[in-house]
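A.B. asks: Below is one structure. I have some questions about it.
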Amino acid sequence: MPSRFRQSRPHRIHRIAPASRAEENRSETSPMIPTEKLSAVREQFPVTRRQLYLDSAHQTPLAMSVRDALASFLTEGFETAGPKPVWLRRVEETRVSVARFFNAAPSEIAFTKNTSEGLNIAANAVPLEAGDNVVLIEGDHPNNAYAWLNLKRNGVEVRFAPLPDDEIATATTFEPYIDARTKVVSLSHVTFHAGQVHDLMGIGKLCKERGIYLVVDAMQSVGVIPLDVKALNISVLAAGTHKGLLVPQGLGVLYIADGLDELQPAYLAMSSMANPPADYVARPDDMAVRKDALRFEFGNVNLPDVHALSAAIDLIQSVGVAAIQKHVLALGDLLLEGLDALGVSVVGPRERGWRNHIYVLQLPVETWADYFARNDVRVSPERGGIRVSLAMFNTVDDIERLIGVIRAGLKTNAFAAIAHID
């Protein structure tokens, strides 16, 4: 049977309908989000009416409910100068919601500025001595590497395990680099540059058996892939909130497994202390810090974004993270089918268990980035080509439109030599 995409016609991007005819004809057993619910989700994201948005691995557009939560917070500040006790109560309510997201306890969650701060907190909290070593993946996000490379000045060795872009990291990837002085394995759950979904279950089991801390950058997976920090034996997890969690930049979440009392903060604030002074006078003779993750939370958190996060989690949970994962995987299947019909390869793995929502198309950035922008297609340039990333608001129609735009580009003289067109 010929591919459904082989005869697709090139066309321009126009306003995008909430749901395509193909979606309306899907059976009830489809792995995608049901049409009615998907239409409601798309209504939350006005950007879908303006452009073909396939760039959620870079930045997720604001949802209406998230914008409304931010506006409500600002209105309270404008009208009352801020009901801070109410705001702080909402911080704790949001902490509970985040904890449920990860199957963690609220006491295991701290708010940070971003993923990088969370990783640096971890790097400076783990008790490492000169001669100890940390194992990373070669080519992983540089902010994960720099947090640990900074410890070389203290005599800590940083080792890099090589990994091809079309493979995933497993326990076997790390084993040759682990010895008696290995204290930490740190990696991204999903890579930003190739979309690999690493085997955290196997890696977590290895780390638990060897007494090694497992530190995970979940920036590209949180909100798109279900995460159970207990089942995965994660010691520390850091993530920003501006991708799968639908919140503007400036807020991060940090999970610190209960019982890791030896992880100590590199700097302190009153909120870090076990017995914060009620009279706001420091007690030099009482420097005991909290036992929970809040020992790593310093002063005021990003209150506007915490309010936004509460609304965002409500929206995500109304669909369900597992349903979102199935949805983007099904769209990914269609994307790969369409790319195959055009002779366009992807950088990362194709196996369903190794990929999720990020696909890097082997199209030259220097020509294709501008072409997509001219056609109102929002994507990102990446190491190996053009990155397409899918979200819960994307549809079958989005994929068909993208394939049509690529086909049209490949048929022009400027792109004719890039791929074979039947």
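Numbering (UniProt numbering), first residue to last: 1 to 422.
Note that beta-carbon positions come from the ideal geometry of N, C-alpha and C, so glycine has one too.
Per DSSP, what kind of secondary structure is A161 in: helix, strand or coil?
C.D. replies: Strand.
A.B. asks: Which two residues bound the contiguous alpha helix (DSSP H) that contains A330?
C.D. replies: Where A330 is concerned, the enclosing alpha helix (DSSP H) stretches over 321-342.
A.B. asks: Using the rule of at least 16 other Cβ atoms within 10 Å of the residue's Cβ for burial, across every protein chain shown, is Q325 buried or exposed?
C.D. replies: That one is buried.
A.B. asks: Where does S56 sit, in a helix, a strand or coil, going by DSSP?
C.D. replies: Note: S56 maps to coil in three-state DSSP.
A.B. asks: Answer with buried or exposed for G244, where buried requires no fewer than 16 other C-beta atoms within 10 angstroms of its C-beta.
C.D. replies: Buried.
A.B. asks: With H, G and I counted as helix, E and B as strand and the rest as coil, what does DSSP make of K183?
C.D. replies: Here K183 sits in strand by DSSP.
A.B. asks: Counting only the same chain and skipping the five closest in sequence on each side, list residues whose C-beta sits under 8 Å from that of P226.
C.D. replies: Hits under 8 Å: V321, A322, Q325.
A.B. asks: Just the Cα atoms here: how many angstroms apart are E36 and V396?
C.D. replies: C-alpha separation (whole angstroms): 14 Å.
A.B. asks: Taking the alpha helix (DSSP H) that D217 falls in, what are its first and last residues?
C.D. replies: That residue, D217, is in no alpha helix (DSSP H); its beta strand (DSSP E) goes 213-217.
A.B. asks: Which one of P83, F111, V86, V156 has the shortest CA to CA distance from A238?
C.D. replies: Of P83, F111, V86, V156, the residue nearest in Cα terms is F111.
A.B. asks: Using beta-carbon positions only, say whether Q44 and A63 come within less than 8 Å of one another.
C.D. replies: Closer than 8 Å, so yes.
A.B. asks: Alpha carbon to alpha carbon, what distance is there between N150 and F296?
C.D. replies: Each residue's Cα considered, the two are about 19 Å apart.
A.B. asks: Would you mind giving the Cβ-Cβ distance between S188 and D140, rounded to the nearest angstrom? I have them listed as a contact below 8 Å.
C.D. replies: That belief holds up - the Cβ atoms of S188 and D140 are roughly 5 Å apart, short of 8 Å.
A.B. asks: Please tell me whether S272 and V289 are closer than 8 Å, where the distance is taken between their beta carbons.
C.D. replies: In this structure, V289 lies closer than 8 Å to S272 by Cβ.
A.B. asks: So is S72 buried or exposed if we call it buried at 16+ other beta carbons inside 10 Å?
C.D. replies: Label assigned to S72: exposed.
A.B. asks: Nearest-angstrom Cα distance between R90 and A312?
C.D. replies: R90 and A312: Cα-Cα distance of roughly 14 Å.
A.B. asks: If you draw a straight line from the C-alpha of F78 to the C-alpha of D166, how long is it?
C.D. replies: Looking at the two C-alpha atoms, the distance is approximately 51 Å.
A.B. asks: Three or more C-beta pairs under 8 Å: does that hold for the segment 188-197 against the segment 344-361?
C.D. replies: Segments in contact, yes.
A.B. asks: Compute the Euclidean distance between the alpha carbons of A123 and P381, then round it to the nearest angstrom.
C.D. replies: Distance between the alpha carbons of A123 and P381 is about 30 Å.
A.B. asks: Could you check the C-alpha separation between E175 and E129 for me, to the nearest Å?
C.D. replies: Straight-line Cα distance between these residues: approximately 21 Å.
A.B. asks: With 16 other CB atoms within 10 Å as the buried threshold, where does D55 fall?
C.D. replies: Counting Cβ neighbours within 10 Å, D55 comes out buried, since at least 16 surround it.
A.B. asks: Return yes when the C-beta of G155 is under 7 Å from any heavy atom of the ligand MN, and no when it is not.
C.D. replies: This structure lacks the ligand MN, and indeed carries no ligand of any kind.
A.B. asks: To the nearest angstrom, how far is it from the Cα of P277 to the Cα of M270?
C.D. replies: Taking the straight line joining both Cα atoms gives about 8 Å.
A.B. asks: To the nearest angstrom, report how far apart D376 and A40 are at their CA atoms.
C.D. replies: If you take the alpha carbons of D376 and A40, they lie about 23 Å apart.
A.B. asks: How many angstroms separate the CA atom of P248 from the CA atom of R49?
C.D. replies: So the alpha carbons of these two residues sit roughly 20 Å apart.
A.B. asks: Roughly how many whole angstroms lie between the Cα atoms of P31 and L329?
C.D. replies: Approximately 9 Å, taken between the alpha carbons.
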